[in-house]
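Residue numbers (my numbering), protein chains in the order written: chain A, 8 to 217; chain B, 726 to 1362. Below you'll find the structure, written out as structure tokens, and then a few comments.
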């Protein structure tokens, strides 16, 4: 048995594919690559694949990670060579590295993630800066998400204004907690800042492992 | 016109506001995107239901790959949006677009819709409306796409005649490219749209409704159907392929979950059994089989191209495939241990079927499905699906003994001359099967009785018979509901209103077009979806046009009645169907025509094709010059 960690990008149409479906896409990609994916035992064998941390629908990412278990010894180079041509449009390999079989699971290792949000509509930059400062200054930020009341403030580990993109659109950098029990959401931060999250393009560009 | 770039920009703002946005963006593995400007003819293939239902459609998959194989053609896809997305599209003024290049459908040259069943008709209208294409064919100009349809429901095109420029009757593999050629010739000329329609009408298998006139008798039945000019055929004969072409193997692999996530391969087209209620069994004749090796190789190729975990071997009657045992062996040898589930639907009620499913490892996870269709031998003789009750009991007991815990039995109520005793027999039979199962495996035994309601279909021996009234259906369903309950027993049924809709549309005439249009204006769409079906929209549409729904459903047709589909031929002769109908009234069965040819009409109609394709590929007898004449004489006699 062999455990390999894949870092990959998720872009294009796959932006609109949920995490559950991405899991299925990985399974099929590995099957197409004719790699000997390991399956769990039991009546309904499941492929052994673990994603690092769910990417909310609508986000693109340049830093997704997944651990895969293979039945036969495969080097990272062999895996890359077999897998890249089998991937659907929107998935691209960035790195493959071996991982100790008994190393802690990926979701347990991820502590936070970095995002860049691009606001599609023109905004008052001064007002945006003011709101960012106010958010960071708050000691507590009570919010309601899917019927649950929680404090968002500790989940926001970093928030700052970036220079506008080449089309002059305002951009924000965020670092949000992604611990298994406490995950920050970019749409929540954007709403708290007073912007409609549906009018913002968000890319995750880094996962931070503890 | 709105550009693809503008459509994409508007889409980005709406996609996250709707459920399952992955339905609306394309970008799947095996999608084909060509350079729009480098291709002469742009074809949009559309399925009039949501992506989840339409993506797995095998017919469209065949055309998608076939048309895209041509250098001068591109084919892209479209489906209807779910209501939340429809609201967004209308609000943001986004016309319905193709998933590949995001071109508005109105910018395509040809728009082809699949019409496999009638409950999609209002969706088809909605699709045209969302695409900003005039709904009525008569209102389209030279610059609008040519709008065509095909599929099983197109064998009675009349209820939809007003909305399509042309229909393909029968199999499209050969004729679709001819339609494209015909379109290209016309497009290069400056001729008016009517010239294109006339040219299309000369293609074998193409029906252009605007070139025909229909007149009615005072009682509402048809007096005559005639072409408006001499160069238009009086009867449009269906098209068929002599030999099944190589199956598609680069199936689109969706990025979101759809109803069938699988590789589907036709192992055989057509059926020799002749069940009298069965539309598909009559209109897809003759039987043509695909060789075992071709099926197995295509599956292997498909698995490599898709990574799917499920395979479906499709046909109308798997057990009748000549080398079915070899096929099952070949498939299980090649794919065992690859985490692939293989399904083999439509098995006959015989112990061989159990051997077949046992041969396909993993098949036992689901239930074992059989379709006796009726519960008494009298009734099964009437519908020409003769099986003895004893055989059914023996087979079902053996299924429980050999490890299955759930059996699904499919029946229909509403067969001709059915009484409440025949319906009671369904309940009694189900109870007996479950009781026998419980003797074998105790409380683990389950039985699922799926009881739908029979709708008489055009081009079948039962095209003359009335459909049950709502009261009759309700009485029968009540009886079943009372009897089919208790531990291990599950009963499901079709809503009588769904049945009525299907019945109106199946045997409707041209006047139904107004009703369909009004029903859609009244808000009818997604009629196939239980929670979306709006019966009152249909009732008021009938009232608006002074038509009586019962005329289409509950009336027994005169034996010499001119049907709305009289000018459409499936190759099976009306005289043959009338004889079969008479036989059914006498309880007389007609054996499997693999044993003996009963001269249904297919051979003389397609004699030339059969002569050019001799051998085992077809299950009809060989034809020589002499034989064709003999068959013709036999039929005239």
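Glycine residues also receive a C-beta, built at the ideal position from the N, C-alpha and C atoms. Quick caveat: nothing in here was measured; it's all calculated off a predicted structure.
Select from the stretch 727-748 of chain B all residues with a C-beta closer than 7 Å to any C-beta belonging to chain A, and list them in chain order.
-> Answer in chain order: 738, 740, 741, 742, 746 and 747.
Tell whether a beta-carbon distance below 8 Å holds between residue 780 of chain B and residue 989 of chain B.
-> Within the second chain, residue 780 of chain B is the residue found at index 55, counting from 1. Within the second chain, residue 989 of chain B is the residue found at index 264, counting from 1. No, these two residues do not count as a Cβ contact at 8 Å.
Quick one: does residue 24 of chain A have its CB under 8 Å from some CB of chain B?
-> The count along the first chain starts at 1 and reaches residue 24 of chain A at position 17. Yes, its Cβ sits closer than 8 Å to a Cβ of chain B.
Taking just the CA atoms, how far does residue 1026 of chain B sit from residue 1064 of chain B?
-> The residue you call residue 1064 of chain B lines up with position 339 of the second chain. The residue you call residue 1026 of chain B lines up with position 301 of the second chain. Taking the straight line joining both Cα atoms gives about 16 Å.
Are residue 975 of chain B and residue 994 of chain B closer than 8 Å when you measure CB to CB?
-> If you number the second chain from 1, residue 975 of chain B lands on position 250. If you number the second chain from 1, residue 994 of chain B lands on position 269. Going by C-beta atoms, residue 975 of chain B is not nearer than 8 Å to residue 994 of chain B.
Determine whether the Cβ of residue 754 of chain B lies closer than 8 Å to any Cβ atom of chain A.
-> Residue numbering aside, residue 754 of chain B sits at position 29 when the second chain is read from its first letter. Yes, because at least one Cβ of chain A sits closer than 8 Å to the Cβ of residue 754 of chain B.
Neighbour-count burial assignment, residue 1242 of chain B, 16 or more Cβ in a 10 Å radius | Sequence index remark: in the second chain, residue 1242 of chain B carries index 517 (1-based). By the neighbour-count definition (other C-beta atoms within 10 Å, threshold 16), residue 1242 of chain B is a buried residue.
Over what stretch of residues does the beta strand (DSSP E) that includes residue 80 of chain A continue unbroken?
-> Counting from one through the first chain, the residue named residue 80 of chain A turns up at place 73. From DSSP, residue 80 of chain A is part of no beta strand (DSSP E); its letter is neither H nor E.
So which residues of chain B does residue 177 of chain A contact, with C-beta pairs closer than 8 Å?
-> In the first chain, the residue the question calls residue 177 of chain A occupies position 170. The premise fails here: residue 177 of chain A is roughly 17 Å from chain B at the closest Cβ pair, so nothing lies under 8 Å.
Cβ of residue 1298 of chain B within 8 Å of Cβ of residue 1325 of chain B?
-> Your numbering for residue 1298 of chain B matches position 573 in the second chain. Your numbering for residue 1325 of chain B matches position 600 in the second chain. For the 8 Å CB-CB criterion, residue 1298 of chain B and residue 1325 of chain B form a contact.
Could you tell me which chain A residues have their CB closer than 9 Å to the CB of residue 1031 of chain B, listed as they occur along the chain?
-> Counting from 1 along the second chain, the entry for residue 1031 of chain B is found at position 306. Here the neighbours are 35, 38 and 39.
Pull up the distance between the alpha-carbon of residue 189 of chain A and that of residue 157 of chain A, whole angstroms please.
-> Counting from 1 along the first chain, the entry for residue 189 of chain A is found at position 182. Counting from 1 along the first chain, the entry for residue 157 of chain A is found at position 150. Between the alpha carbons of residue 189 of chain A and residue 157 of chain A lies a distance of about 10 Å.
At which residues does the alpha helix (DSSP H) containing residue 1299 of chain B begin and terminate?
-> The residue labelled residue 1299 of chain B in the question sits at position 574 within the second chain. Counting along the chain, the alpha helix (DSSP H) containing residue 1299 of chain B begins and ends at 1299-1310.
For the beta strand (DSSP E) containing residue 901 of chain B, list its first residue and its last residue.
-> On the second chain, position 176 is the one that residue 901 of chain B refers to. Careful: residue 901 of chain B lies outside any beta strand (DSSP E), inside the alpha helix (DSSP H) at 900-913.
Local conformation of residue 4 of chain A per DSSP, three classes = The shown model of chain A, from 8 to 217, leaves out residue 4 of chain A, and the question about it has no answer.
Between residue 185 of chain A and residue 60 of chain A, which are expected to be in contact by the criterion C-beta below 8 Å, what is the C-beta distance as a whole number of angstroms?
-> Sequence index remark: in the first chain, residue 185 of chain A carries index 178 (1-based). Sequence index remark: in the first chain, residue 60 of chain A carries index 53 (1-based). Separation of the CB atoms of residue 185 of chain A and residue 60 of chain A is rounded to 5 Å, and the pair is thereby assigned contact status at 8 Å.
Residue 19 of chain A at chain B interface by Cβ criterion, 8 Å | As a first step, residue 19 of chain A must be located in the first chain, where it is residue number 12. Answer yes: the Cβ-Cβ gap between residue 19 of chain A and chain B drops below 8 Å somewhere.
What is the residue span of the beta strand (DSSP E) that residue 18 of chain A lies within?
-> Looking up residue 18 of chain A in the first chain gives position 11. Residue 18 of chain A -> no beta strand (DSSP E), and no H or E assigned at all.
Where residue 772 of chain B falls: helix, strand or coil (DSSP) = Counting from one through the second chain, the residue named residue 772 of chain B turns up at place 47. Strand at residue 772 of chain B.
Going by DSSP, which residues form a beta bridge with residue 1039 of chain B?
-> As a first step, residue 1039 of chain B must be located in the second chain, where it is residue number 314. The partner list for residue 1039 of chain B (beta bridge, DSSP) reads B:991.
Helix or strand or just coil, what does DSSP make of residue 1118 of chain B?
-> On the second chain, residue 1118 of chain B is found 393 positions in, with the first residue counted as 1. Three-state DSSP puts residue 1118 of chain B in a helix.
With 16 other Cβ atoms within 10 Å as the buried cut-off, status of residue 1216 of chain B = Residue 1216 of chain B sits at position 491 when you count from the first residue of the second chain. That one is buried.
Going by other Cβ atoms of all chains shown within 10 Å of its Cβ, with 16 needed for buried, is residue 896 of chain B buried or exposed?
-> Stepping through the second chain from its first residue, residue 896 of chain B is reached at position 171. So residue 896 of chain B counts as buried.
In DSSP terms, what residue 208 of chain A is bridged to = Translated into the one-based positions of the first chain, residue 208 of chain A becomes position 201. As computed with DSSP, residue 208 of chain A is found in a beta bridge with A:125.
Neighbour list for residue 15 of chain A in chain B, Cβ cutoff strictly below 7 Å = In the first chain, the residue the question calls residue 15 of chain A occupies position 8. In chain order: nothing, as chain B lies at least about 15 Å away.
Specify whether the stretch 91-101 of chain A and the stretch 167-184 of chain A touch according to this definition: at least 3 beta carbon pairs, one from each stretch, less than 8 Å apart.
-> no
Chain A contact for residue 881 of chain B (CB, 8 Å cutoff) | Counting from 1 along the second chain, the entry for residue 881 of chain B is found at position 156. Not an interface residue.
Note down, in chain order, every chain A residue with its Cβ under 7 Å from the Cβ of residue 750 of chain B.
-> Taking the first residue of the second chain as position 1, residue 750 of chain B is located at position 25. Going along chain A in sequence order, the residues near residue 750 of chain B (Cβ under 7 Å) are 20 and 23.
What do you get for residue 1362 of chain B, buried or exposed, if any count of 16 or more other CB atoms within 10 angstroms of its CB means buried?
-> Within the second chain, numbered from 1, the residue matching residue 1362 of chain B stands at position 637. Confidence at residue 1362 of chain B is low in this model, with a pLDDT of 48, below 50, so its placement is unreliable and no value can be given for it.
Have a look at residue 815 of chain B and residue 804 of chain B and give me their C-alpha separation to the nearest angstrom.
-> The residue given as residue 815 of chain B occupies position 90 in the second chain. The residue given as residue 804 of chain B occupies position 79 in the second chain. When rounded, the distance between both Cα atoms is 15 Å.
Stretch pair the stretch 1214-1228 of chain B + the stretch 816-826 of chain B: three plus CB contacts closer than 8 Å | Not touching, per the Cβ criterion.
What residues in the stretch 964-987 of chain B bring their beta carbon closer than 9 Å to a beta carbon of chain A?
-> Hits within the stretch, in order: 978, 979, 980, 981, 982 and 986.
Any Cβ of chain A within less than 8 Å of the Cβ of residue 790 of chain B?
-> Translated into positions along the second chain, residue 790 of chain B becomes position 65. Not an interface residue.
Using a beta-carbon distance below 8 Å, is residue 818 of chain B in contact with chain A?
-> Locating residue 818 of chain B in the second chain gives position 93, counting from the first residue. Output row for residue 818 of chain B: interface = no.
Enumerate in chain order the residues of its own chain whose CB-to-CB distance from residue 1045 of chain B is below 8 Å, with the five nearest sequence positions on each side excluded.
-> By one-based count along the second chain, residue 1045 of chain B stands at place 320. Within the same chain, residue 1045 of chain B has close Cβ partners 993, 996, 997, 998, 1012, 1073, 1317 and 1319.
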